[in-house]
Amino acid sequence: MTKSRKLLALFLAIAALLSCFVTGCDSTPVETTPETDPVTEPVETEAPARTAFDLISDGTPKVSVVRPDASGTNDADVQAAMSIRSSLMAYSKDTVTISTDWTKDGKHDANAVEILVGMTNYDETLSVASDLRFGDYTIKVVGNKIVVLGHTDTAMAYAALILGNAIKAAAVQNDSTKNYTVSIPIAGIEKTGTKNSVISSLPAFDNGTFYATYDPGNDCDEVIIAKTTPEAYKAYVEKLKGEGYTLYTSREIQDNCFATLYNKSYTINIGYYKNNKQVRIIMEPYSAKTLIGLEADNKYEVVTTSQITMIGLEYQKSDGWAGNGLSVLIRLTDGRFIVVDGGFNREKDATMLISAIKEQSKEYSSKTGMTIAAWIITHAHGDHQGMIGKQYALFKNNKVKIERFLVNFMSDTERNKAINTYTSNWSSGEGGGWTQIDTAASYNGADVCVVHVGQIFYLADLQLESLYTIESYGPSVTNALNTTSLIFKCTFTDPITKKQTVYMSTGDATGPGFQITAAMYGDYLKSDIVQVAHH
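For the sequence shown, counting from 1, position 344 maps to 488 in this note's numbering; every step adds exactly one.
Structural data, given as structure tokens:
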């Protein structure tokens, strides 16, 4: 631009400025029609949703495995994490990282591609766990995470197996190298199911922490909830009622709470244990015998007095040791009897018991007959259940009727685990007995009732309370068969004087059983007569 043009431009600018001062400038913009489309701001769009996971690319791992920091080496989620890692390592030339969910600031990288195994503290895990029912397993994709969860040890292992199979099916060997690529569509990853349809039918438990499941045997399943309260227990009983269960019984003992509920499919015995702030839920298939009878059902005629007899079973064995089994006979005021154990597989033991029944009922048996209202088997040792397991025919042959057996034997799974863990405390095959009792019951036309903690059997003048079973001890591995021994409290009420007498039956209960029972009930255990373990 020339000098004269610069002066002209400056003059015109000054003139325009002076014009504003003189006439005032209108700040309202003049609407004009744009000759072109206006410029618009760019719109942010979300990244497309993930459709697949590239777990391994050309032999290089693109994912890591994370498990809960609090888990121990032998825990199911740790074993599952190691199993998944092994599945990946089969196709990786480099090490696949496995770590815990602990971080210094408690935060995690949402962009990292990770397989979260077990109950980690990640938000992604928590979001999946909220929908998981007891007994279920699931593999679910949340953002960049593959969440692997199982409520039970079995379910956890099964989920790891499913993901491992998916990894194996997706592995492709590159043409030019021995390296593999593993890319899995989300549809090939996600799967949810159950390994236990019984406990998966239970509603979620609020205000408690899922602790474990346990296989107590006897066609029962057990779920254990920790860090909970009596209020949460009571709320859960109400939730069960809301889902169609009928409340059969409910009671409290020394701040422990117990209830029985049922529907057309299952009977539930649920208890709150104050000593460890746990709720234990035991489910079994429903039948009439799972409802043991109410106090209102206990109608009887007094024909005699109550009596407790311990029958001596001592004998000298060929190796010089003395045999000393347990056989207790309890006479009720209506003339029926309770038998505790019975002793060895010896005809003499059966004959002594039958003779005692005949002698104690001779004044009224011609009218009432001879009936054993309940035969309790405390545990499956041969000096306790051996006699009825082998000599059962003698009772029917002598016209002694047996109405039902009361038992709670441990499962074969837990028994085998115990034998392998405590080899010095167990002998091979020890602890069977269910088949023998089932055979004896079938031959004598008796029912078999699985006993649960908190139940009361009303039998004439006797209230028979179950205080301890193996269901109170699991999921700990049983250290010895005697730890499975039932503990009963028997309260007799004289029909005339109403005076009460308390008899405690312990079978061969050992330290752990006594410790749990004492911690739960305290001075509620005070008794006039105690059958001391061994014997």
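Here a beta-carbon is modelled for each residue, glycine too, at the ideal position from N, C-alpha and C. Nothing here was measured: the structure is a model prediction, and the numbers come from that model.
Of the residues the options, the one placed nearest residue i, counting alpha carbons only
| i | options | result |
| --- | --- | --- |
| proline 429 | Ala663, Val261, Gln675, Val594 | Val594 |
| glycine 437 | Ser236, Ser208, Leu608 | Leu608 |
| aspartate 363 | Trp578, Thr282, His678, Ala585 | Trp578 |
| phenylalanine 539 | Asp275, Gly576, Phe488, Ile501 | Ile501 |
| tyrosine 302 | Ser341, Tyr281, Asp556, Ile521 | Tyr281 |
| valine 484 | Tyr508, Trp519, Ser555, Glu458 | Trp519 |
| aspartate 478 | Tyr602, Lys543, Glu366 | Tyr602 |
| arginine 424 | Tyr617, Thr495, Thr336 | Tyr617 |
| serine 509 | Asp527, Arg490, Lys543 | Lys543 |
| lysine 371 | Asn351, Ile259, Tyr389, Ala214 | Asn351 |
| alanine 403 | Asn560, Ile414, Val222 | Ile414 |
| leucine 630 | Tyr668, Thr512, Gly576, Met554 | Met554 |
| glutamine 580 | Thr567, Phe549, Arg559 | Phe549 |
| tyrosine 410 | Asp399, Gln398, Leu391 | Leu391 |
| tyrosine 665 | Pro639, Ile397, Tyr377 | Ile397 |
| asparagine 626 | Ala273, Thr645, His523 | His523 |
| leucine 293 | Gln223, Tyr377, Lys312 | Gln223 |
| threonine 512 | Arg277, Val446, Asp652 | Val446 |
| glycine 308 | Asn560, His252, Ala225 | Ala225 |
| isoleucine 614 | Lys633, Gly361, Asp319 | Gly361 |
| leucine 476 | Gly576, Lys506, Ile516 | Ile516 |
| alanine 93 | Leu232, Leu384, Gly337, Lys492 | The requested residue 93 does not occur in the structure, where the chain is confined to residues 145 to 679. |
| lysine 251 | Tyr266, Ala273, Val257 | Tyr266 |
| phenylalanine 349 | Phe278, Arg395, Lys461, Ala315 | Phe278 |
| asparagine 623 | Gln317, Asn541, Trp570 | Trp570 |
Residue i - partner residues in DSSP beta bridges
| i | result |
| --- | --- |
| alanine 196 | Pro329 |
| glycine 361 | Cys364 |
| serine 201 | Thr204 |
| tyrosine 647 | Cys634, Ile673 |
| glutamate 268 | Its beta-bridge partners do not exist; DSSP assigns none. |
| proline 429 | Tyr410 |
| isoleucine 397 | Asn400 |
| serine 236 | Answer is none; serine 236 lacks a bridge partner. |
| leucine 611 | DSSP lists no partner for leucine 611. |
| threonine 390 | Tyr406 |
| glutamate 258 | Ser208, Lys289 |
CB of residue i within 7 Å of CB of residue j, strictly
| i | j | result |
| --- | --- | --- |
| serine 115 | aspartate 672 | Residue coverage of the chain in this structure runs from 145 to 679, which leaves residue 115 outside it and unanswerable. |
| aspartate 359 | threonine 557 | yes |
| asparagine 588 | isoleucine 521 | no |
| threonine 321 | serine 201 | no |
| tyrosine 355 | isoleucine 368 | yes |
| glutamate 268 | valine 291 | yes |
| threonine 357 | threonine 296 | yes |
| valine 209 | arginine 229 | yes |
| lysine 289 | leucine 270 | no |
| aspartate 198 | serine 327 | yes |
| methionine 531 | asparagine 489 | yes |
| isoleucine 283 | isoleucine 242 | no |
| isoleucine 455 | serine 431 | no |
| lysine 248 | threonine 298 | no |
| alanine 584 | tyrosine 536 | yes |
| threonine 635 | glutamine 644 | yes |
| alanine 141 | asparagine 419 | A query on residue 141 cannot be resolved here, the shown segment of the chain reaching from 145 to 679 and no further. |
Residue i versus residue j: straight-line alpha-carbon distance, rounded
| i | j | result |
| --- | --- | --- |
| histidine 220 | arginine 480 | The sequence given here has alanine at residue 220, not histidine. Taking the straight line joining both Cα atoms gives about 49 Å. |
| tyrosine 416 | leucine 405 | 14 Å |
| histidine 678 | histidine 525 | 12 Å |
| glutamate 188 | glycine 287 | Annotation note: pLDDT 48 at glutamate 188 (below 50); position unreliable, coordinate value reported separately. Going by the C-alpha atoms only, they are around 19 Å apart. |
| asparagine 407 | tyrosine 444 | 29 Å |
| threonine 453 | lysine 335 | 60 Å |
| aspartate 245 | aspartate 275 | 21 Å |
| arginine 211 | isoleucine 330 | 21 Å |
| asparagine 400 | valine 592 | 27 Å |
| alanine 254 | alanine 196 | 17 Å |
| aspartate 652 | aspartate 527 | 10 Å |
| aspartate 463 | tyrosine 612 | 35 Å |
| glycine 216 | alanine 379 | 32 Å |
| asparagine 442 | leucine 435 | 14 Å |
| threonine 373 | glutamine 422 | 8 Å |
| leucine 497 | glutamate 491 | 10 Å |
| serine 568 | tyrosine 389 | 45 Å |
| isoleucine 640 | isoleucine 482 | 21 Å |
| glycine 262 | methionine 300 | 8 Å |
| isoleucine 311 | alanine 304 | 11 Å |
Any non-hydrogen atom of the ligand MG closer than 6 Å to residue i Cβ
| i | result |
| --- | --- |
| proline 619 | As presented, the structure is devoid of all ligands, the ligand MG included, so that no description of it is given. |
Please specify which runs of the alpha helix (DSSP H), each continuous and at least 4 residues long, are wholly inside the segment 275-359, giving them in chain order. 297-314
Report the start-end ranges of each alpha helix (DSSP H) in the segment 481-528 that is 4 residues or longer and not cut off at the edges. 491-504, 509-512
At 4 residues or longer, and completely inside the segment 537-584: list those alpha helix (DSSP H) runs for me, N to C. 537-541, 556-565
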